[in-house]
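What the sequence shown shows, in our numbering, is residues 107 to 252, in sequence order. Ideal placement from N, C-alpha and C gives every residue a C-beta, glycine not left out. Let me begin by presenting the structure, written as structure tokens, before commenting on it.
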Amino acid sequence: MKKVILSVAIMTTIGLVSCKNDAKKETTNTELTSVKEIAMTSTTFGVRGNCGMCKNTIEKAAKSVDGLVSAEWDGSKKQVNVSFDNTKTNIDAIHKAIANSGYDTDKLAGNDESYKDLPGCCQYDHTMEMSLKGDVKIDEHSGHNH
Ligand SMILES: [Cu+2]
Numbered sequence: 107m108k109k110v111i112l113s114v115a116i117m118t119t120i121g122l123v124s125c126k127n128d129a130k131k132e133t134t135n136t137e138l139t140s141v142k143e144i145a146m147t148s149t150t151f152g153v154r155g156n157c158g159m160c161k162n163t164i165e166k167a168a169k170s171v172d173g174l175v176s177a178e179w180d181g182s183k184k185q186v187n188v189s190f191d192n193t194k195t196n197i198d199a200i201h202k203a204i205a206n207s208g209y210d211t212d213k214l215a216g217n218d219e220s221y222k223d224l225p226g227c228c229q230y231d232h233t234m235e236m237s238l239k240g241d242v243k244i245d246e247h248s249g250h251n252h
């Protein structure tokens, strides 16, 4: 005994006639030129980390903050540069988000649980210096009078 149930759903497009609606399409030229000026703040602060994965985690954490426009962590300088709409968020919220992801900032210690969950290579040294001058090399020949 075989019971074969075939349910065939045939989608019939009946609404072909409604295409005529396009005719009355108004070319809405209501140019809202009132470009809302967002109150942008840019700042840089220290964040510990090791590698490219750290970079992703840190930047993702920062970007999870509503109002964040951009975040870029510099692995050689151990610092992050963030731009945000300061009517929506503030610098503390960004520090908090990064710390929650397991990373130390120069203001807040990273969340321990999140730190433990980081991949081995990302478990940075908590004594690591932050906000290094990095690749900003200044020739200081002036100090050497031989
Ligand atoms: Cu890493």
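When the Cα atoms are used, what is the spatial distance from G158 to I200?
Translated into positions along the sequence shown, residue 158 becomes position 52. Translated into positions along the sequence shown, residue 200 becomes position 94. Each residue's alpha carbon lies about 20 Å from the other.
Decide if K130 is buried, meaning its Cβ has at least 16 other Cβ atoms within 10 Å, or exposed.
Position 24 of the sequence shown, counted from the first residue, corresponds to residue 130. Low per-residue confidence applies at K130: pLDDT is 46, beneath 50, and the placement is therefore not dependable, though the value from the model is reported in the following sentence. K130 should be labelled exposed.
Measure how close the beta-carbons of V186 and F151 come, nearest whole angstrom, since I'm counting them as under 8 Å.
Locating residue 186 in the sequence shown gives position 80, where the first residue counts as 1. Locating residue 151 in the sequence shown gives position 45, where the first residue counts as 1. That belief holds up - the Cβ atoms of V186 and F151 are roughly 6 Å apart, short of 8 Å.
Indicate the three-state DSSP secondary structure (helix, strand or coil) for S140 in the structure shown.
What you label residue 140 is simply residue 34 of the sequence shown in a count that begins at 1. Reliability of the predicted coordinates at S140 is poor, the pLDDT of 49 falling under 50, and no value is obtained from them.
Start-end ranges of the alpha helix (DSSP H) lying completely within the stretch 145-206, minimum 4 residues:
158-169, 197-206
Which partner residues of T211 appear in the DSSP bridge assignment?
Indexing the sequence shown from 1 puts residue 211 at position 105. Paired residue(s): V153.
Is M234 near ligand 1, with its Cβ less than 7 Å from a heavy atom?
For the purposes of this step, residue 234 is taken as residue 128 along the sequence shown, with counting starting at 1. It does not: the Cβ of M234 is nowhere closer than 7 Å to a heavy atom of ligand 1.
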